[in-house]
Amino acid sequence: MMLKGILVHVDSSDSSEKRLETAVYLAKSYDAHLIGLFVRYFAPIPDIPSPELIEQIFESQEKAPAKGADKAEQMFYNAIGQEGVAGEW
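Just so we're aligned, residue 0 is where the sequence shown starts under numbering that gives the first Met the number 0, counting upward by one.
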C-alpha cells in the first residue's frame with residue numbers, strides 16, 4: 000500500500016491528540032504529506048422568515064473566532080515539526 004497524502008481532522012478534543020499521533024506516524028512511515036484540517040462548527044439556525052436575518056447570522060458566525068482553531072493548528076505544527084513530517088494546515 001502506498002500513501003502520498005493523509006488528511007487528519009485536528010481539534011481541541013481529547014481524542015484529537017491520538018488521531019494526530021497516528022496520522023504523523025503513518026505520514027512518516029510512508030513518506031506522505033500530512034494535511035491538518037479544523038472543522039468549524041456553525042450553530043443551527045432556527046426557522047427565521049427573513050433571508051436577510053439568516054445572512055446576518057451567517058456573517059456574524061464567520062467573523063467570530065473559531066473556538067480551539069489556534070490551539071489545534073499549533074498542536075499540528077508541533078507534531079509534524081518534532082517528527083520531521085512534511086505537512087500543511
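Yeah, the Cβ is synthetic: ideal placement off N, Cα and C, and Gly gets one too.
Sequence-distant residues of the same chain with beta carbon closer than 6 Å to residue i, five excluded per side
| i | result |
| --- | --- |
| GLU82 | VAL23, LYS27 |
| SER15 | VAL9 |
Proximal residues to residue i (C-beta, below 7 Å), its chain only, five neighbours per side dropped
| i | result |
| --- | --- |
| LYS70 | SER11 |
| ILE44 | ILE53, ILE56 |
| VAL84 | VAL23, ALA26, LYS27, LEU33 |
Within-8 Å CB hit, residue i to chain C
| i | result |
| --- | --- |
| PHE75 | Among the chains of the structure shown, chain C does not appear; only one protein chain is present. |
Beta bridge counterpart(s) of residue i as assigned by DSSP
| i | result |
| --- | --- |
| GLY4 | HIS32 |
| GLU20 | Note: GLU20 sits in no beta bridge, so no partner. |
| GLU87 | ILE34 |
Distance between residue j and residue i (C-alpha atoms, nearest Å)
| i | j | result |
| --- | --- | --- |
| LEU25 | GLY35 | 14 Å |
| GLN73 | LYS3 | 23 Å |
| ILE5 | GLY86 | 9 Å |
| TRP88 | ASP46 | 35 Å |
C-beta contact flag for residue i and residue j at 8 Å
| i | j | result |
| --- | --- | --- |
| ARG18 | HIS8 | yes |
| ALA42 | GLN60 | yes |
| ARG39 | ALA65 | yes |
Three-state secondary structure (DSSP) of residue i
| i | result |
| --- | --- |
| TYR40 | coil |
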